[in-house]
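Undergrad: In the working numbering, the protein residues as written are 424 to 779. Cβ atoms here follow ideal geometry from the backbone N, Cα and C, with glycine treated the same way. Next up is a structure, given as structure tokens.
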Amino acid sequence: MEFRIACIPGDGIGPEVTEQAVRVLKRIGEIYGHTFHFETLLAGGCAIDATGKSLPEETVTAAKAADAVLLGAVGGPKWDGMSGDTRPEAALLGLRKALGLFANLRPALLFEQLKGACPLKEELVSGGLDILVVRELTGGIYFGERGTKQTDMGLAAYDIEQYAEEEVRRIAVTAFEMAMKRNKIVTSVDKANVLESSRLWRRVVTEVSASYPEVTLNHMYVDNAAMQLVRNPKQFDVIVTANLFGDILSDEASMITGSIGMLPSASLAVGNFGMYEPVHGSAPDIAGKNLANPMASILSAAMMLRYSLGLSKEADAIENAIRAVLAEGWRMPDLLTEGTKEMGTKEAGDRILSKL
Ligand code: NAD
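Written out as structure tokens, the structure reads:
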């Protein structure tokens, strides 16, 4: 099969880690008989330097025309003095909006070989962990009406949490579709004992579940979910939740995996289109030193294969190659422990390629 990938390496370690992900994808193409056409595009600080804008129009046009987008990271000290929507990071919001990305997927995948990096007790995570947090990305309190008003208690500020049925329905469908490709359990997290918006959320998620009889649906209050994630994380498969709750729970879930250098993410639009990027930033402190862990970017590429391009077998091959490299004791500096062996960014790419 043939695919068009819009590649946005960005700033700092972005280009270094993206380069390794592209190498892995090319090799996957050779092995499984696919052709990936990569188009390299500007966004972030490098785009400001080259064009004066963090998100040039050509980047948006080309990204829309692609089958999927692979992003590195944007930002860095050079542009820190810039304000609000002129900053490199504004390109991320611009891309999310222009591409209609409403679902954020954050897997918390703890490789058995890295369980020592997990802050939880070993018995809680033995055998590894694999949780997928599906966060609504374009609605809720972050996008609701906001303002200030005078009250008899002084100045008051408010932000409104609001969800429409259709917004909940489409994120619920995304979560159930994901669960069908995984262990078929969806936990919908809300605060329906207090919030009207959560009661609507719960009703719509329950309605959607009727179309997925194979999937078990559990509802959980957000305070309990925060507790259960550290008490018994293995009970979760897919967690679906609103923007605000997802922001917090996805960080909590991902920290269970130990290192930011291992965390991929996806942001999906209606249909199969998506943007894939490591959770980490541009890490200016280690940029250009061959120290950046490329695995988050390579795992993002695997997510792209699985969720946008329908190539699950190829995605599994990448994840298994990473497992094999870790099993031999090779670690990037961010995960180095006694008895393990150090490798650099490019060498990590070489080793993963050799295991495909
Ligand atoms: P960061 O994620 O870039 O770095 C935090 C720490 O983690 C640093 O010590 C860094 O060296 C380390 N780290 C990050 N990725 C790593 C990797 N792959 N391998 C090994 N170590 C890694 O966060 P920050 O320092 O807060 O931000 C730096 C810049 O990145 C800022 O300009 C910020 O705005 C931007 N940023 C961009 C994105 C994005 O593009 N999606 C996300 C977060 C931050």
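1. Could you check where the alpha helix (DSSP H) with Glu584 kicks off and where it finishes?
2. For chain D, find out if any of its Cβ atoms is closer than 9 Å to the Cβ of Ile564; answer yes or no.
3. Could you tell me which uninterrupted alpha helix (DSSP H) segments, each at least 4 residues in length, are contained entirely in the segment 577-624, listed from first to last along the chain?
4. How far does the beta strand (DSSP E) with Lys778 in it extend, from its first residue to its last?
5. So is Lys520 buried or exposed if we call it buried at 16+ other beta carbons inside 10 Å?
6. If you reduce the DSSP assignment to three classes, tell me which class Glu700 lands in.
7. Does the beta-carbon distance from Leu465 to Glu584 come in below 9 Å?
8. Report all residues from its chain with a CB closer than 7 Å to the CB of Ala485; omit the five preceding and five following residues, and keep chain order.
9. Please determine whether the Cβ atom of Glu512 lies at a distance below 8 Å from any heavy atom of the ligand NAD.
10. Going by beta-carbon coordinates alone, are Met727 and Ala689 separated by less than 9 Å?
11. Beta strand (DSSP E) containing Pro640: first to last residue?
12. Look at the alpha carbon of Tyr699 and the alpha carbon of Asp773, and state the distance between them as a whole number of angstroms.
13. Does Asn713 come out as helix, strand or coil in the three-state DSSP assignment?
14. Alpha carbon to alpha carbon, how far is Ala540 from Thr760?
15. What did DSSP end up calling Ser673 once you bin it into helix, strand or coil?
16. Let me check understanding here. Comparing Cα to Cα, which of Leu779, Lys657, Val447 lies closest to Lys544?
17. On the premise that Lys778 lies in contact with Ala744, defined as a C-beta separation below 8 Å, what is that separation, rounded to the nearest angstrom?
18. Taking Cβ to Cβ, would you say Thr597 is nearer than 9 Å to Val645?
TA: Inspection of the coordinates gives the following:
1. Numbered from 1 along the sequence shown, position 161 holds the residue referred to as residue 584. Neither: Glu584 is in no alpha helix (DSSP H) and is coded neither H nor E.
2. Of the protein chains in this structure there is only one, and it is not chain D.
3. 588-603
4. On the sequence shown, position 355 is the one that residue 778 refers to. First-last for Lys778: 768-778, but that is the alpha helix (DSSP H), not the beta strand (DSSP E).
5. In the sequence shown, residue 520 corresponds to position 97, counting from 1. Per the 10 Å Cβ criterion, exposed.
6. Here residue 700 corresponds to residue number 277 of the sequence shown, with the count starting at 1. Glu700: strand per DSSP, three-state reduction.
7. Position 42 of the sequence shown, counted from the start, is the residue given in the question as residue 465. Position 161 of the sequence shown, counted from the start, is the residue given in the question as residue 584. For Leu465 and Glu584, no; Cβs fall outside 9 Å.
8. On the sequence shown, position 62 is the one that residue 485 refers to. These residues qualify, in order along the chain: Ala429, Glu462, Leu464.
9. For the purposes of this step, residue 512 is taken as residue 89 along the sequence shown, with counting starting at 1. Result yes, Cβ under 8 Å from the ligand NAD.
10. Stepping through the sequence shown from its first residue, residue 727 is reached at position 304. Stepping through the sequence shown from its first residue, residue 689 is reached at position 266. Against a cut-off of 9 Å, the Cβ pair of Ala689 and Met727 comes out as a contact.
11. Translated into positions along the sequence shown, residue 640 becomes position 217. Residue identity check: residue 640 is Leu in the sequence provided, not Pro. Looking at the DSSP string, the run of the beta strand (DSSP E) that includes Leu640 is 639-644.
12. Position 276 of the sequence shown holds residue 699. Position 350 of the sequence shown holds residue 773. Approximately 22 Å, taken between the alpha carbons.
13. If you number the sequence shown from 1, residue 713 lands on position 290. DSSP places Asn713 in coil when its eight states are reduced to three.
14. Locating residue 540 in the sequence shown gives position 117, where the first residue counts as 1. Locating residue 760 in the sequence shown gives position 337, where the first residue counts as 1. For Ala540 and Thr760, the distance between alpha carbons rounds to 9 Å.
15. Against the sequence shown, residue 673 aligns to sequence position 250. Here Ser673 sits in helix by DSSP.
16. As a first step, residue 544 is located in the sequence shown; it is residue number 121 there, counting from the start. The option with the nearest alpha carbon to Lys544 is Lys657.
17. Sequence index remark: in the sequence shown, residue 744 carries index 321 (1-based). Sequence index remark: in the sequence shown, residue 778 carries index 355 (1-based). At roughly 4 Å, the Cβ-Cβ gap stays under 8 Å, so Ala744 and Lys778 are in contact.
18. For the purposes of this step, residue 597 is identified with residue 174 of the sequence shown, where counting begins at 1. For the purposes of this step, residue 645 is identified with residue 222 of the sequence shown, where counting begins at 1. Cβ distance not < 9 Å, so Thr597 and Val645 don't count as in contact.
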